[in-house]
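Each residue of the sequence shown is one higher than the one before, counting from 8 in the numbering used here.
Note that beta-carbon positions come from the ideal geometry of N, C-alpha and C, so glycine has one too.
Please read these numbers as outputs of a predicted model, since none were measured by experiment.
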Amino acid sequence: MTRHVIRGASVLVLLAGITGGAYLGEQRPPQTGFVLDAEQAETNEMLFLKNRQNAHAAARSRVTVAEGVATEKAESVAKAASGYAENLDKSVAAAKKAAQQKANSGPVAFAGPIPSSCSEFSGSRAVGCALTVQAGFGLDQFACLNKLWNKESGWNYRAENRSSGAYGIPQSLPGSKMASFGSDWKTNPATQIKWGLDYIKKRYKTPCGAWSHSEQYNNY
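Encoded structure:
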């Protein structure tokens, strides 16, 4: 009898526990916090990924713009350099052409008369003969002058000694000294000859005196 009472009581206690547990389960609030946190985390992750994607897109856009600007600047610099080189080439070509034209233009023509006594000569020698007579020297002196300047320059008004800087028919040193007789001293044989005769007259008195000195010392 006692065992049956104890067993019944145990069953009642067990049923009461189950019933109470069920009751407590009904009274407990729903556990939704974890679900909301998961949804929020997913939303945050999506926002993060979207923001990162936007940042990457913006960065790519900036790089593209920078590359475009750099390319444009490089093209502009290259175009300017090309234009400068082209202009430089044109300037050099023009300078060469002008120099060639000047070289081909020949000497300045002599405007004075050539006496009949000088008719056996031509070119700069004829001018030299005429100016020698005009300076008060006889034809015998021109014979010495002819020898002297044959030796010095061959009567070439463009003759230039690059080592010393002497220039022209009389080999003036420097050539610019002849500017005292004319600004055209580089291309006018008459200007050079006038200067040469004046130099000889002051230093050696006569062309034959200059020629004698040249024979002895190889200069005058």
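Report task. Name the one or two DSSP bridge partners that Tyr227 has. Result -> Numbered from 1 along the sequence shown, position 220 holds the residue referred to as residue 227. According to DSSP, which records beta bridges pairwise, Tyr227 is partnered with nothing at all.
**Report entry** Ser170 - DSSP class collapsed to helix/strand/coil
**Finding:** Within the sequence shown, the letter at position 163 stands for residue 170. Looking at Ser170 - three-state DSSP - the assignment turns out to be coil, as it is neither helix nor strand.
Requested in this report: Assuming Phe182 and Ala173 form a contact by the criterion Cβ under 8 Å, report the distance between their Cβ atoms to the nearest whole angstrom.
Outcome: In the sequence shown, counting from the first residue as 1, residue 182 sits at position 175. In the sequence shown, counting from the first residue as 1, residue 173 sits at position 166. The amino acid at residue 182 is misidentified as Phe; the sequence shows Gly. Indeed, because the Cβ distance is near 7 Å, the residues count as touching under 8 Å.
**Report entry** Among Phe128, Tyr227, Ala137, Phe55, the one whose alpha carbon lies nearest that of Thr198
**Finding:** In the sequence shown, the residue the question calls residue 198 occupies position 191. The shortest C-alpha separation from Thr198 is found at Ala137.
Report task. Report all residues from its chain with a CB closer than 8 Å to the CB of Asn195; omit the five preceding and five following residues, and keep chain order. Result -> Working through the sequence shown from its first residue, we reach residue 195 at position 188. Cβ within range, chain order: Pro114, Val115, Tyr164, Gly189.
Query raised in the report: Considering only residues of the same chain and omitting the five flanking positions on each side of Ser221, which have a CB-CB separation below 7 Å?
Result: Walking along the sequence shown from the start, residue 221 turns up at place 214. Same-chain partners within the cutoff: Leu155, Lys158, Tyr227.
Query raised in the report: Where does Ser190 fall in DSSP's three states?
Result: Taking the sequence shown and counting its residues from 1, the one referred to as residue 190 is at position 183. Correct three-state label for Ser190: coil.
Query - Spatial distance of Lys2 from Ile200 (CA atoms) - result: With the chain covering 8 to 227 only, the question about residue 2 has no answer from this structure.
Query raised in the report: Does DSSP put Ser179 in a helix, in a strand, or in coil?
Result: Position 172 of the sequence shown, counted from the first residue, corresponds to residue 179. In the structure shown, Ser179 sits in a strand (DSSP, three-state: E or B).
Query raised in the report: If you draw a straight line from the C-alpha of Leu204 to the C-alpha of Trp192, how long is it?
Result: The sequence position of residue 204 within the sequence shown is 197, counting from 1. The sequence position of residue 192 within the sequence shown is 185, counting from 1. Straight-line Cα distance between these residues: approximately 14 Å.
Query raised in the report: Skipping 5 residues on each side, what residues in its chain have a beta carbon closer than 6 Å to that of Cys125?
Result: Position 118 of the sequence shown, counted from the first residue, corresponds to residue 125. The residues are Ala133, Cys136, Ala137.
Query raised in the report: In whole angstroms, what separates the C-alpha of Lys80 from that of Thr50?
Result: The sequence position of residue 80 within the sequence shown is 73, counting from 1. The sequence position of residue 50 within the sequence shown is 43, counting from 1. Near 45 Å, if we compare the C-alpha coordinates of Thr50 and Lys80.
Report task. Mind checking which residues open and close the alpha helix (DSSP H) that includes Trp202? Result -> Indexing the sequence shown from 1 puts residue 202 at position 195. Unbroken alpha helix (DSSP H) run through Trp202: 196 to 211.
Requested in this report: Go ahead and pull the three-state DSSP assignment for Gly143.
Outcome: Numbered from its first residue, the sequence shown carries residue 143 at position 136. The answer is coil: DSSP assigns Gly143 none of H, G, I, E or B.
Query raised in the report: Can you tell me the Cα-Cα spacing of Asp147 and Val99, whole angstroms?
Result: Mapped onto the sequence shown, residue 147 falls at position 140. Mapped onto the sequence shown, residue 99 falls at position 92. Each residue's Cα considered, the two are about 49 Å apart.
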